[in-house]
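Residue 872 in my numbering sits at position 83 of the first sequence, with consecutive numbering throughout. Worksheet: the structure to be examined is printed underneath.
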Amino acid sequence: MDHAIPPHYFERDALTVAHDLVGVTLLLHDTGGVIVEAEAYDHTDPASHCFAGRRTPRNASMFGPPGHAYVYRSYGVHWCLNFVCGRDRSGHAVLIRALQPVMGIEIMQQRRGAVPERRLCAGPGNLTQALGITGELDGKPLTAPPFKLVARPSHVEVVSGTRIGLTRGVDSPWRFGLAKSRFVSRPF
DNA sequence: CTATAGATAATCT
DNA sequence: GATTATCTATAGG
Numbered sequence: 790m791d792h793a794i795p796p797h798y799f800e801r802d803a804l805t806v807a808h809d810l811v812g813v814t815l816l817l818h819d820t821g822g823v824i825v826e827a828e829a830y831d832h833t834d835p836a837s838h839c840f841a842g843r844r845t846p847r848n849a850s851m852f853g854p855p856g857h858a859y860v861y862r863s864y865g866v867h868w869c870l871n872f873v874c875g876r877d878r879s880g881h882a883v884l885i886r887a888l889q890p891v892m893g894i895e896i897m898q899q900r901r902g903a904v905p906e907r908r909l910c911a912g913p914g915n916l917t918q919a920l921g922i923t924g925e926l927d928g929k930p931l932t933a934p935p936f937k938l939v940a941r942p943s944h945v946e947v948v949s950g951t952r953i954g955l956t957r958g959v960d961s962p963w964r965f966g967l968a969k970s971r972f973v974s975r976p977f
């Protein structure tokens, strides 16, 4: 029996949610898989878009209600998917960085081109391309279609490390992954 | 396998 | 005008 993720799941700080999301299954329409890599960001974090509570048109949904998506464009090219969380709308979010493909693998392969399955959803930009995620989903609730989230198994071994691709906040170990997974964007 | 270089254009100052 | 929560190709071990 599948257990859906309840809305209050996201009413916690980004670090806690990022840790707990490892092993959760993320589905969008008929594609998706198991979250094997996620990173936490919040308003105390120099690497975050909403550091010190700074608001811009782009990051508006990061200050919106928890349990919703924050989708932004990275390097002007790639879409990146975040889960907004926190209890006080102060700017907590978790960047989904990699999935272990489970559902709709052929569809995702068509969208991504000829890449090995272990690279299909490895990296935030690759993941959104595989699932067909665009800015249209920014601000949409994660607890309603087209999203579906399924709770993880009871025993999941989670590892942590420093985040990827940053110039600030480089030492914070706010990257979480599924131990020994070969679907992560980079080894831990 | 790891490391680095270059492309790329939206976003922000 | 500068920066960037990335990606791919390429060179080297």
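Positions of the beta carbon are idealized from the N, C-alpha and C atoms, including for glycine.
Candidates Arg957, Trp963, Val973 and Gly880: closest to Ala836 by CA position: In the first sequence, counting from the first residue as 1, residue 836 sits at position 47. With distances taken between CA atoms, Ala836 lies nearest to Arg957 out of Arg957, Trp963, Val973 and Gly880.
Own chain residues within Cβ distance below 6 Å of Arg904, not counting five before or after: Here residue 904 corresponds to residue number 115 of the first sequence, with the count starting at 1. Per the sequence shown, residue 904 should be read as Val rather than Arg. There are no such residues.
Between the CA atoms of Gln889 and Ser949 - distance to the nearest angstrom: Working through the first sequence from its first residue, we reach residue 949 at position 160. Working through the first sequence from its first residue, we reach residue 889 at position 100. The alpha-carbon atoms of Ser949 and Gln889 are separated by roughly 17 Å.
contact_flag[the segment 908-916, the segment 844-855] where n(CB pairs < 8 Å) is 3 or more: Using a C-beta cut-off of 8 Å, the segment 908-916 makes no contact with the segment 844-855, since fewer than three inter-stretch Cβ pairs fall below that distance.
Endpoints, the alpha helix (DSSP H) within which Arg901 is located: Locating residue 901 in the first sequence gives position 112, where the first residue counts as 1. Ile894 to Arg901 is the span of the alpha helix (DSSP H), which, as asked, contains Arg901.
C-beta atoms of His772 and Val939 nearer than 9 Å: No information on residue 772 is available, as it lies outside the stretch 790 to 977 that the chain covers here.
Test item: CB-CB of Asp802 and Arg941 under 9 Å: For the purposes of this step, residue 802 is taken as residue 13 along the first sequence, with counting starting at 1. For the purposes of this step, residue 941 is taken as residue 152 along the first sequence, with counting starting at 1. No; because the gap between Cβ atoms is not below 9 Å, this pair is not in contact.
Expected contact under 8 Å - CB spacing of Ala882 and Cys869 to nearest Å: Within the first sequence, residue 882 is the residue found at index 93, counting from 1. Within the first sequence, residue 869 is the residue found at index 80, counting from 1. Between Ala882 and Cys869, the beta carbon gap of about 10 Å keeps them out of contact (Cβ cut-off 8 Å).
Straight-line gap, Ser970 to Leu816 (C-alpha atoms, nearest Å): Position 181 of the first sequence, counting from 1, holds the residue named residue 970. Position 27 of the first sequence, counting from 1, holds the residue named residue 816. Taking C-alpha positions only, Ser970 is separated from Leu816 by approximately 19 Å.
Residues near Leu804 in its chain [Cβ-Cβ closer than 7 Å; skip 5 each side]: As a working note, residue 804 is residue 15 in the first sequence. Contacts found: Ala829 and Trp963.
Contacts around Glu800, its chain only, beta-carbon distance under 6 Å, and the 5 residues preceding and following it disregarded: Indexing the first sequence from 1 puts residue 800 at position 11. Excluding sequence neighbours, Glu800 sits near Pro855 and Arg876.
Short Cβ contact (9 Å threshold) for Leu920 with Thr820: Counted from its first residue, the first sequence places residue 920 at position 131. Counted from its first residue, the first sequence places residue 820 at position 31. Taking 9 Å as the Cβ cut-off, Leu920 and Thr820 qualify as a contacting pair.
Through-space distance from His857 to Leu931, alpha-carbon basis: Stepping through the first sequence from its first residue, residue 931 is reached at position 142. Stepping through the first sequence from its first residue, residue 857 is reached at position 68. Distance between the alpha carbons of Leu931 and His857: 5 Å.
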